Amino acid sequence: MKLETILMNKISLVARREFLTRVQKKTFLLTTILLPVIIFGFYAMIIYFSVDSGSSLNIAVADNANVFNGSIDKTDEVGFSFINGASVETLKSDVKNEKYDGYIFVPENINVQNNDSIQIVTAKSIALMARGNVQNAINKKLEENRLLSLNISKAQLDSVHKKSSIKFTTLEGEEDSNTKAGFSYLVGMISGFLIYIILFIYGTMVMRGVMEEKVSRIAEVIVSSVKPFQLMMGKIIGIGAVGLLQFIIWVILVGGITVLVPLLFPGMAEQMQQAPVQHGGIAAAQAVQESSAYADFMHGMSQINFPLIIGCFIFYFLGGYLLYSSLFAAVGSAVNEDPQDAQSLMLPVTMPIIFAIVIMMKAVNDPTSGLAVFGSLFPLTSPIVMMARIAHGVPTTVPYLELITSMLLLIFGFLGTTWIAGKIYRTGILLYGKKVTLKEMWKWAVKKN
Numbered sequence: 457m458k459l460e461t462i463l464m465n466k467i468s469l470v471a472r473r474e475f476l477t478r479v480q481k482k483t484f485l486l487t488t489i490l491l492p493v494i495i496f497g498f499y500a501m502i503i504y505f506s507v508d509s510g511s512s513l514n515i516a517v518a519d520n521a522n523v524f525n526g527s528i529d530k531t532d533e534v535g536f537s538f539i540n541g542a543s544v545e546t547l548k549s550d551v552k553n554e555k556y557d558g559y560i561f562v563p564e565n566i567n568v569q570n571n572d573s574i575q576i577v578t579a580k581s582i583a584l585m586a587r588g589n590v591q592n593a594i595n596k597k598l599e600e601n602r603l604l605s606l607n608i609s610k611a612q613l614d615s616v617h618k619k620s621s622i623k624f625t626t627l628e629g630e631e632d633s634n635t636k637a638g639f640s641y642l643v644g645m646i647s648g649f650l651i652y653i654i655l656f657i658y659g660t661m662v663m664r665g666v667m668e669e670k671v672s673r674i675a676e677v678i679v680s681s682v683k684p685f686q687l688m689m690g691k692i693i694g695i696g697a698v699g700l701l702q703f704i705i706w707v708i709l710v711g712g713i714t715v716l717v718p719l720l721f722p723g724m725a726e727q728m729q730q731a732p733v734q735h736g737g738i739a740a741a742q743a744v745q746e747s748s749a750y751a752d753f754m755h756g757m758s759q760i761n762f763p764l765i766i767g768c769f770i771f772y773f774l775g776g777y778l779l780y781s782s783l784f785a786a787v788g789s790a791v792n793e794d795p796q797d798a799q800s801l802m803l804p805v806t807m808p809i810i811f812a813i814v815i816m817m818k819a820v821n822d823p824t825s826g827l828a829v830f831g832s833l834f835p836l837t838s839p840i841v842m843m844a845r846i847a848h849g850v851p852t853t854v855p856y857l858e859l860i861t862s863m864l865l866l867i868f869g870f871l872g873t874t875w876i877a878g879k880i881y882r883t884g885i886l887l888y889g890k891k892v893t894l895k896e897m898w899k900w901a902v903k904k905n
């Protein structure tokens, strides 16, 4: 019992030293407070300019064949101005003088029914999404005119286009709305990427700390009073505490900013909820776009179990960090004066993290697939993949048994990697003047004491 107490005291001393040396730096305070503010402001700016960019197109239309019956529905992205009796030269002049962004000249002898093309002339090349908006508006009007020519009334036409109310529910009777699905996608994607970034940032921080102490030969002095395993665990726990503190501060700051922004900028909340998800896939984009009302927005947020997500995030952050940081520490202990040697040794450590991101992209779209379930159970990928699945619901998407099994496997995975990394660290931290290979590191890990 006394030996265990001494062991823990030495680990806590090293951890306290690592924690205080990093927290007391000005860079820690600046990055911890300014980083979430900058990211949030940058994201808010992107949403604001993408929603209210003021770059809608104005197309002049000279419809001599009365193909459009004098009107084309205007949208936020494109508008049409009908000009009677305008010649091509007049339209060209107006476009050159920037009165219009482009023009459509429909001659009298055109036959749209025989697939005669409608030409849109512009002074500058139109972006891909803007082209789609113009084409959709024109095709919608032509389709409407074709149906009307078949003696279908406007009321009948509107009834055909009317969308039915379709709702999704679970077996337990809980509503599974499009809004919830969209938010689940976003929360899962953000959580997975945060874990991914944290593993790389703080894992490499542990590796660099070990490398600096080894190259400067400070490790030789420290290991005279502390065992190599105690030194490794102290560095891992100390730097992990720094990361956990930063995460807690970020959660508080983001929560405070989220509450203050709608109060300071009333129009921003509406724009953020109506902004399309550019990289979230078709289903997520439609889900967020359909939640145009503020009540739907808040209802979708209320369906996400944020306490469970935050609690699981902390667990998988700590578990993933402890698992990978021990491996990064082992790599750092094997590197000598040339830091470039670490790049080849890091490959087996970084590849599972990259694979986890690939699996996560599948899991956010199909959280119940076999690949997603495997990725959420395998310890080297579960911190990233499981966070993407948890956002879709527990136990509706992730059964409690899978969640508990994943947590237990991650704990055993951490104990296994720490045991292997400890054996590598013990040999590599005091080895100088020799370039170490992965094969040699494996020999250190499997050899008997």
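Following the working numbering, the numbering of the sequence shown begins with 457 at its first residue and continues without gaps. Every residue gets a Cβ at the ideal spot worked out from N, C-alpha and C, and that includes glycine. These figures come from a predicted structure and were not determined experimentally.
Between MET688 and TYR772, the CB-CB gap reaches or exceeds 8 Å. Within its own chain, the residues whose Cβ lies closer than 8 Å to the Cβ of ILE651, once the five positions on either side in sequence are excluded, are PHE769, TYR772, PHE773, GLY776, PRO839, ILE840, MET843, listed in chain order.
Taking 8 Å as the cut-off, the beta carbon of ASN589 is found closer than this to the beta carbon of GLU533. Under the DSSP assignment, SER537 falls in the beta strand (DSSP E) whose first and last residues are 534-538. CA-to-CA, the gap between PRO684 and VAL666 works out to about 11 Å. One Cα belongs to GLY788, the other to TRP706, and the distance between them is close to 29 Å. ALA516 carries a strand assignment under DSSP once its states are collapsed to helix, strand and coil.
If you draw a straight line from the Cα of GLU858 to the Cα of VAL677, it is about 46 Å long. By the Cβ neighbour-count rule, PHE868 is exposed, with fewer than 16 other Cβ atoms within 10 Å of its own.
Three or more Cβ pairs drawn from the region 532-547 and the region 511-519 lie within less than 8 Å of each other, which places the two stretches in contact. For VAL577, the enclosing beta strand (DSSP E) covers residues 576-578. DSSP places GLY558 inside the beta strand (DSSP E), whose first and last residues are 558-562. In the assembly as shown, ALA593 is a buried residue. Its beta-carbon has 16 or more other beta-carbons within 10 Å. Of all alpha-carbon atoms in TRP900, ARG882, TYR888, VAL892, the one lying nearest the alpha-carbon of VAL682 is that of ARG882.
Excluding the 5 residues flanking it on each side, ILE813 has same chain C-beta neighbours closer than 6 Å at TYR652, in chain order. Annotation for GLY872: the continuous alpha helix (DSSP H) segment containing it runs 856-884.
Cβ neighbours of ILE693 within its own chain (closer than 6 Å, five residues either side excluded): ALA471. Only residues of its own chain outside the window of five on either side were considered, and among them ALA786, SER789, ALA790, MET897, TRP900, ALA901 have a CB closer than 8 Å to the CB of ILE880, listed in chain order. LEU700 sits in a helix when the DSSP states are folded into three classes.
The residue from ALA798, ILE815, ALA847, VAL698 with its alpha-carbon nearest to that of GLY884 is ALA798.
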